[in-house]
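Residue numbers (our numbering), protein chains in the order written: chain D, 967 to 1307; chain R, 967 to 1307. Just so it is clear, CB atoms sit at the ideal spot from N, CA and C, and this is done for glycine as well. The model shown is predicted, which means the values in this text are computed figures rather than measured ones. Reading through the structure tokens given below for one structure.
There are 2 protein chains.
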Amino acid sequence: MQLDERKRKILQAIIRNYLETGEPVGSRTISKYTDLNLSSATIRNEMSDLEEMGLIVQPHTSAGRIPSDKGYRLYVDTMLEEKEREITELKEMLLEKEEKTEQLLKQVAKVLAVNTNYATMITAPSTHRNKLKFLQLSRVDKHQILAVIVAEGNVIKNSMIRVREYLDDETLLKLNILLNTNLNGLCMEEINLGMIAAIKQKAGIHSDLIGEVLDAVAEAIKADEDLEIYTSGTNNIFRYPELADQQRASDLITTFEEKQLLGHLVEQSLEEKPETGIQVYIGDETRVQSMKDCSVVTATYELGEGMRGTIGIIGPKRMDYEKVVSTLKTLKHQLDDLYKK
Amino acid sequence: MQLDERKRKILQAIIRNYLETGEPVGSRTISKYTDLNLSSATIRNEMSDLEEMGLIVQPHTSAGRIPSDKGYRLYVDTMLEEKEREITELKEMLLEKEEKTEQLLKQVAKVLAVNTNYATMITAPSTHRNKLKFLQLSRVDKHQILAVIVAEGNVIKNSMIRVREYLDDETLLKLNILLNTNLNGLCMEEINLGMIAAIKQKAGIHSDLIGEVLDAVAEAIKADEDLEIYTSGTNNIFRYPELADQQRASDLITTFEEKQLLGHLVEQSLEEKPETGIQVYIGDETRVQSMKDCSVVTATYELGEGMRGTIGIIGPKRMDYEKVVSTLKTLKHQLDDLYKK
DNA sequence: TATTAGCACTCGTTTCTTTTGAGTGCTAAC
DNA sequence: GTTAGCACTCAAAAGAAACGAGTGCTAATA
């Protein structure tokens, strides 16, 4: 059986209606509120076909139809209408271009949650592809050296290194120069213990003490690789009865709190990255058990070369895909532009 | 009417039973499972008295009794039995004494939540009473100076300062010495713009450029004053039917996410600080609307002079106060000891 | 051949009624 | 002062009945 234009229209009408109401849609409703001018009986025949094709399902015998995951997929892939959709509050926020990226992102997540009525998440741009810009060791007291590492985009890391013996000013200065000349401009990912070993060799360093310090620096650069995820609007899940029952809600809340499952989702969307940078996961496509009744829309934004972060919107399967996708598209571009200026 | 020993015993029995089951307690239950050897009729008479005194209430005519807030208060104030209660996992964790206080605290919150089956929150020690230990300005590139500020307990702050003109090495070095000699050992709270102005004067600095840098340093020290609160085990609220209905759960989740309401609670307990450092808020005593059906037990710990943080456990009013209070007491001492070593 | 009116049937939802049982308060006896 | 006994209350559980949205199928229609 094939999907002719009429079937498409009916399917679209069913989905549109279901997205709004959340109730199974009957043939009579479609017959009345569509410009197809067909009786409910005809619609019933067509619906029967659509069901056979696996695009819609009946929750029980005497109920209307609701879209299946396959139906949603078809809808998302071929039936979305694009609209420019800006959230003016966001525009203003981005103009201010706060100093602290972290704060800005948290704010974005919050405003997005309030405006869409879905839960949102956002990750700061990952740093591992980021280039090292500046590195400094300073003595804080006799046995402690502070390593400060600055990367492109002014991402700053600190690490306290404990040394057994006093390290004199001269050695410290030498180390600073050595490290800066050898590591500057490299991206975090390229720097590792082996590389540091090579530097040691090249510089002819044999002192155990200095070796230890260098190792600690390498550790510091690698550390903290776990990307932080901020969430907002978690309570929005209670707006949708299909997510609000105790078991489901509890599981979802846990997922949001634990975050590392969300991390998988983020990584997934960073990898798959389609041309638009927007990705839609429906139900099981999220690969997260607790989200099997949810859909997630993610957008990948770039704040500079190799510094990619992800925004996600999490809602029920019957989320307003048109609104969410186009809002995210606009926001993504706004964020991308932020760096270019 | 006055509360004689028998009435106390009966009240205690009612509360103990209710804490366990969450069901209204009837006279028959008390008669059977107490060593008072009284018939249910006698218990009924006593219960009637207790109700008149406002210590217990009846949800409806033909139901058993449940403790009122006043009843809980009496119980918490006078009937708790102390036990040493350690969570061995915590002990091990604390022994490791992780480098990163923040990570450690998050872990503590999590373990505590898993072990008690309540929601938990924890704040890092506030820094404003904390003493400045080390301060350094370094040039990252032509127009950017990085200020690194280290306080007692190795609390590190960074701030990027944008300068319009190039600042030569010599000036930078001079500034570093000036700042360190003048500010070291002072606590963050004492340092402000006025103070910096005084230093400028004393040092005879008239350059606008240097003035700006100093102001930025003062700003950096003050900034970030908002205390961060970490929560864990939010989903535990679903274990208690009296909190798990949609409206209440949604409100609570929001409170945990927004956090600033929790902040009030934290400040409150920092101020009121009783001898033990443990504080119990029952129902409305929390002063937070969404927590009117909850109780909160807080503990104030000290990681050094003036560096006080707070741990909180949030559960239903019928939480296991004995367990929670004594667990927190033990944990508090463990944390307090952590610094002394 | 495609569409539609008509109708019997299904089944979740709502509403109302009945039953059950835990628990009380009161009274009279111990 | 304590207790047995009993009538009474009321939420919750169980059952029964009515409702109605929606379907599938058949036969008539264009």
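(1) Using a C-beta cutoff of 7 angstroms, does R:E1223 count as contacting chain D?
(2) Pop quiz: R:E1288 and R:L1021 are said to be a contact at Cβ under 8 angstroms. What is the actual Cβ separation, rounded to whole angstroms?
(3) Which same chain residues end up closer than 6 angstroms to D:S1092 when comparing Cβ atoms and leaving out the 5 residues on each side of it in sequence?
(4) In whole angstroms, what is the alpha-carbon distance linking R:Q1073 and R:G1151?
(5) Between the region 1107-1129 of chain D and chain R, which residues of the former have a C-beta closer than 7 angstroms to a C-beta of the latter?
(6) Determine the closest residue to D:L1297 out of D:R1095, D:L1060, D:L1141 and D:Y1247, with distance taken between C-alpha atoms.
(7) Cβ closer than 7 angstroms: which chain D residues qualify as neighbours of R:S1104?
(8) For a contact meaning CB atoms closer than 9 angstroms, what does R:A1075 contact in chain D?
(9) Would you say D:S993 and D:M1013 are within 7 angstroms of each other, going by their C-beta atoms?
(10) Using a C-beta to C-beta distance shorter than 8 angstroms, which residues of chain R count as neighbours of D:S1216?
(11) Is it buried or exposed, D:L1228, if we count other Cβ atoms within 10 angstroms and call 16 or more buried?
(12) Under 7 angstroms between beta-carbons, which chain D residues line up against R:Q1212? List them in chain order, please.
(13) Checking 7 angstroms against the spacing of the C-beta atoms, do D:K1140 and D:A1117 come in under that value?
(14) Under 8 angstroms: do the region 1243-1262 of chain D and the region 1033-1050 of chain D share three or more Cβ pairs, one atom per stretch?
(15) Any idea if D:R1274 is buried or exposed, counting beta-carbon neighbours within 10 angstroms, 16 or more meaning buried?
(16) Among D:L1294, D:L1301, D:K1306 and D:Q1300, which one has its Cα closest to the Cα of D:K1049?
(17) Does R:S1104 come out as helix, strand or coil in the three-state DSSP assignment?
(18) Let me check understanding here. Comparing Cα to Cα, which of D:G1281, D:L1112 and D:M1019 lies closest to D:E1208?
(19) Tell me, please, whether the CB atom of D:I1143 is closer than 7 angstroms to any CB atom in chain R?
(20) My output table needs one value for R:Q1110: the three-state DSSP class, helix, strand or coil.
(21) Counting pairs of beta carbons, one from the region 1216-1227 of chain D and one from the region 1194-1203 of chain R, are three or more of them closer than 8 angstroms?
(22) Give the secondary structure of D:K1049 by DSSP, where H, G and I count as helix, E and B as strand, and everything else as coil.
(23) So for D:V1129, helix, strand or coil by DSSP?
(24) Starting from D:M1059, trace the alpha helix (DSSP H) both ways and give me its first and last residue.
(25) Just the chain R side, please: which residues come within less than 7 angstroms of D:I1219 by C-beta, in chain order?
(26) With a threshold of 16 other CB atoms inside 10 Å of the CB of D:L1159, please say whether the residue is buried or exposed.
(27) Mind pulling the chain D residues with CB within less than 9 angstroms of R:K1099?
(28) Between D:A1079, D:L1231, D:V1080 and D:I1143, which has its C-alpha nearest D:T1266's C-alpha?
(29) Helix, strand or coil, according to DSSP, for D:I1022 in the structure here?
(30) Consult DSSP for D:L1098 and reduce its assignment to one of helix, strand or coil.
(31) Secondary structure at R:A1090, three-state DSSP: helix, strand or coil?
(32) Can you tell me whether DSSP reads D:E971 as helix, strand or coil?
(33) Cα-Cα, which of D:G1278, D:K973 and D:V991 is closest to D:M1019?
(34) Identify, in the order they occur along the chain, each residue of the same chain with its Cβ nearer than 8 angstroms to the Cβ of R:L1101, setting aside the five sequence neighbours on each side.
(35) Between the C-alpha atoms of R:I1277 and R:I1088, what's the straight-line distance to the nearest angstrom?
(36) Along the alpha helix (DSSP H) that carries D:E1185, what are the first and last residues, could you check?
In this structure, then:
(1) True, the Cβ-Cβ gap to chain D drops below 7 angstroms.
(2) No, R:E1288 and R:L1021 are not in contact; Cβ-Cβ is about 19 angstroms, not under 8 angstroms.
(3) L1193.
(4) Roughly 31 angstroms separates the two Cα atoms.
(5) Taking 7 angstroms as the Cβ-Cβ cut-off against chain R, the residues of the region 1107-1129 of chain D that qualify are L1112, V1114, V1116, N1120, I1122, N1124 and M1126.
(6) Ranking the options by Cα distance to D:L1297, first place goes to D:L1060.
(7) Near R:S1104 (Cβ distances below 7 angstroms), the residues of chain D are Q1102.
(8) Those within 9 angstroms of R:A1075 in chain D number zero; the least Cβ separation is about 11 angstroms.
(9) Less than 7 angstroms divides the Cβ of D:S993 from the Cβ of D:M1013.
(10) Neighbours of D:S1216 on chain R, chain order: N1201 and F1204.
(11) Buried: at least 16 other Cβ atoms inside 10 Å.
(12) One finds F1204 and A1210 in chain D with Cβ atoms closer than 7 angstroms to the Cβ of R:Q1212, taken in chain order.
(13) Not a contact, by the Cβ cut-off of 7 angstroms.
(14) By the Cβ rule, the region 1243-1262 of chain D counts as touching the region 1033-1050 of chain D, because three or more pairs are nearer than 8 angstroms.
(15) Of the other Cβ atoms in all chains shown, 16 or more fall within 10 Å of the Cβ of D:R1274; this residue is therefore buried.
(16) Looking at the Cα atoms, D:L1294 is the closest of the given residues.
(17) R:S1104 falls in the strand class under three-state DSSP.
(18) Its Cα nearest to that of D:E1208, the residue D:G1281 stands out among D:G1281, D:L1112 and D:M1019.
(19) So, not an interface residue.
(20) Looking at R:Q1110 - three-state DSSP - the assignment turns out to be strand.
(21) As far as the Cβ criterion goes, the region 1216-1227 of chain D touches the region 1194-1203 of chain R, which means the pair count is three or higher.
(22) It is coil, neither helix nor strand.
(23) In this structure, D:V1129 counts as coil in the three-state DSSP scheme.
(24) Its alpha helix (DSSP H) spans residues T1054 to E1062.
(25) Simply T1200, N1201 and I1219.
(26) By the 10 Å Cβ count, D:L1159 comes out exposed.
(27) V1106 and D1107, listed in chain order.
(28) With distances taken between CA atoms, D:T1266 lies nearest to D:L1231 out of D:A1079, D:L1231, D:V1080 and D:I1143.
(29) If DSSP states are grouped into helix, strand and coil, D:I1022 belongs with the strands.
(30) Three-state DSSP puts D:L1098 in a strand.
(31) Secondary structure of R:A1090 (DSSP, three-state): coil.
(32) Three-state DSSP puts D:E971 in a helix.
(33) If we check each option's Cα against that of D:M1019, D:K973 comes out closest.
(34) Here the set comprises A1113, V1114, I1115, V1116, N1142, L1145, N1146, L1149, N1150 and V1183.
(35) About 4 angstroms.
(36) Where D:E1185 is concerned, the enclosing alpha helix (DSSP H) stretches over D1174 to K1188.
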